[in-house]
Amino acid sequence: MKKFLFKIVPYFTVILIVFAILGSYADGNTDDDYMHFAVEKPQNIILGDSRGAQAVVPSVLKEKLGVPFDNFSLNIVYSPYGQIYLKALKRKLDPDTKNGIFILTVSPWNLSLNHIVKKKEDFPEEKSPLKNMYFYNMSPNYEYLLKNYSQSWFKIYTEREEVGRSNTFLHKDGWMEVLVDMNKDTVAARTALKTKEYTAMMENYSISSERMKALNDIISYLKDKGTVYLVRIPTSENLTDIESEKFPEFNDLMNDVSTKHQVKYYNFANQYNEFEYTDGNHMYRESGKIFTARIADSVRADRKN
Numbered sequence: 033m034k035k036f037l038f039k040i041v042p043y044f045t046v047i048l049i050v051f052a053i054l055g056s057y058a059d060g061n062t063d064d065d066y067m068h069f070a071v072e073k074p075q076n077i078i079l080g081d082s083r084g085a086q087a088v089v090p091s092v093l094k095e096k097l098g099v100p101f102d103n104f105s106l107n108i109v110y111s112p113y114g115q116i117y118l119k120a121l122k123r124k125l126d127p128d129t130k131n132g133i134f135i136l137t138v139s140p141w142n143l144s145l146n147h148i149v150k151k152k153e154d155f156p157e158e159k160s161p162l163k164n165m166y167f168y169n170m171s172p173n174y175e176y177l178l179k180n181y182s183q184s185w186f187k188i189y190t191e192r193e194e195v196g197r198s199n200t201f202l203h204k205d206g207w208m209e210v211l212v213d214m215n216k217d218t219v220a221a222r223t224a225l226k227t228k229e230y231t232a233m234m235e236n237y238s239i240s241s242e243r244m245k246a247l248n249d250i251i252s253y254l255k256d257k258g259t260v261y262l263v264r265i266p267t268s269e270n271l272t273d274i275e276s277e278k279f280p281e282f283n284d285l286m287n288d289v290s291t292k293h294q295v296k297y298y299n300f301a302n303q304y305n306e307f308e309y310t311d312g313n314h315m316y317r318e319s320g321k322i323f324t325a326r327i328a329d330s331v332r333a334d335r336k337n
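Counting in my numbering, the sequence shown runs from 33 upward without gaps.
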């Protein structure tokens, strides 16, 4: 038995070395979430779902506000407002943060829950990497790759950024840059599909008391470390109409939260015609830069006052 072990140990060692080398090439091409767990802990942060991930550009905020930002928005399944997101935020944020700027992007959907969900363990984010991760600032982050990367590790190397950026590239600062065909007819087709999807969701979703509590808890946690801003991102006219019909009370709810915590709520929803969208739901990257500049101008004006 000992002879057998002595024979196989070198093979296992070689395999471990190979995987360690392959994992070292993990970057913004690896998947849509890896880089959130492979950078230094930030002091200024953006929260939300995929709308925020694509529409709020940290580099623009840094240019206009003079401090670096991290966009810690994933998607509607992984990072709706909830206790899992709060726990992840506590691991993600630099514990020494004292004068941070925190932009919380809100929508009816990241504060809603499907009616079929009755138990905590059935919340969609229970399957999020935010649930199973401990380390958020390791590079390379082998914990993430072992727990949450299901493809061949050779693909990490062959599809690394150096070869060419993917159509969904996650920057080190957390911005999800999406490259898609912006031909008018193609965008219209994607928008029609997204409109149909959200129309179907209308019947099954409503604002969740659990998610609202989590939002309040997150604000309370962050207020001790800096200034919190609530931001509602515009969507296409179609989706804006759907949200207005299904959730007419949403802005009043956000205003109530704003008043309760004495934080600013910037509602840009009525500016939907001023931006381009890849599918009606997500802002196109160039529009995102313009939109982010408006957020920065609002924050800068507030901080001057």
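Note that beta-carbon positions come from the ideal geometry of N, C-alpha and C, so glycine has one too.
These figures come from a predicted structure and were not determined experimentally.
For Gly84, the uninterrupted alpha helix (DSSP H) run begins and ends at 82–87, by DSSP. By the C-beta criterion, the stretch 246–257 is judged to be in contact with the stretch 127–143, since at least 3 inter-stretch pairs fall below 8 angstroms.
By the 16-neighbour rule on beta-carbons within 10 angstroms, Tyr168 is buried. With 16 or more other Cβ atoms inside 10 Å of its own Cβ, Asp63 counts as buried. Rounded to the nearest angstrom, the gap between the Cα atoms of Phe282 and Thr45 is 56 angstroms. Shown here, Leu202 sits in a strand according to DSSP, grouped into three states.
The stretch 150–157 and the stretch 289–304 do not touch, with fewer than three beta-carbon pairs separated by less than 8 angstroms.
Taking C-beta separations shorter than 6 angstroms and ignoring five residues to either side along the sequence, the partners of Ile265 in its chain run Arg83, Ala87, Thr137, following chain order. Here Met170 is not near Lys179, since their CB atoms are 8 angstroms or more apart. DSSP, read as helix, strand or coil, puts Gly320 in helix. Between the alpha carbons of Ser198 and Lys292 lies a distance of about 43 angstroms. By the criterion of a C-beta distance shorter than 6 angstroms, Trp207 is surrounded in its chain by Val89, Pro90, Asn103, once the five residues flanking it on both sides are discounted.
Spatial neighbours of Ser268 in its own chain (CB-CB distance under 7 angstroms, excluding positions within 5 residues in sequence) are listed in chain order as Thr223, Tyr304, Tyr309, Gly312. By the C-beta criterion, the stretch 213–223 is judged not to be in contact with the stretch 105–120, since fewer than 3 inter-stretch pairs fall below 8 angstroms. Exclusion of the five residues before and after Arg332 leaves Lys96, Leu97 as the residues of its chain whose Cβ lies within less than 7 angstroms of its Cβ. Bounds of the alpha helix (DSSP H) holding Leu285 are 282–293.
Ranked by how close their Cα comes to the Cα of Met233, the residues Leu271, Gly196, Ile327, Lys296 have Leu271 in first place.
Each of Gly55, Ala52, Lys255 was checked against the Cα of Lys130, and the nearest Cα belongs to Lys255. When rounded, the separation of the alpha-carbon atoms in Ile322 and Tyr57 is 32 angstroms. With 16 or more other CB atoms across the displayed protein chains lying within 10 angstroms of its CB, Ala120 is buried.
Under DSSP, Met233 takes part in no beta bridge, so it has no partner. DSSP, reduced to helix, strand and coil, places Ala325 within a helical segment of the structure shown. For Leu247, the CB contacts under 8 angstroms within the same chain, skipping 5 residues up- and downstream, are Tyr113, Leu136, Val138, Leu143, Val289 in chain order. Between Leu125 and Pro172, the gap from beta carbon to beta carbon reaches 8 angstroms or more. Secondary structure note for Phe279: it is in no alpha helix (DSSP H), with a DSSP letter that is neither H nor E.
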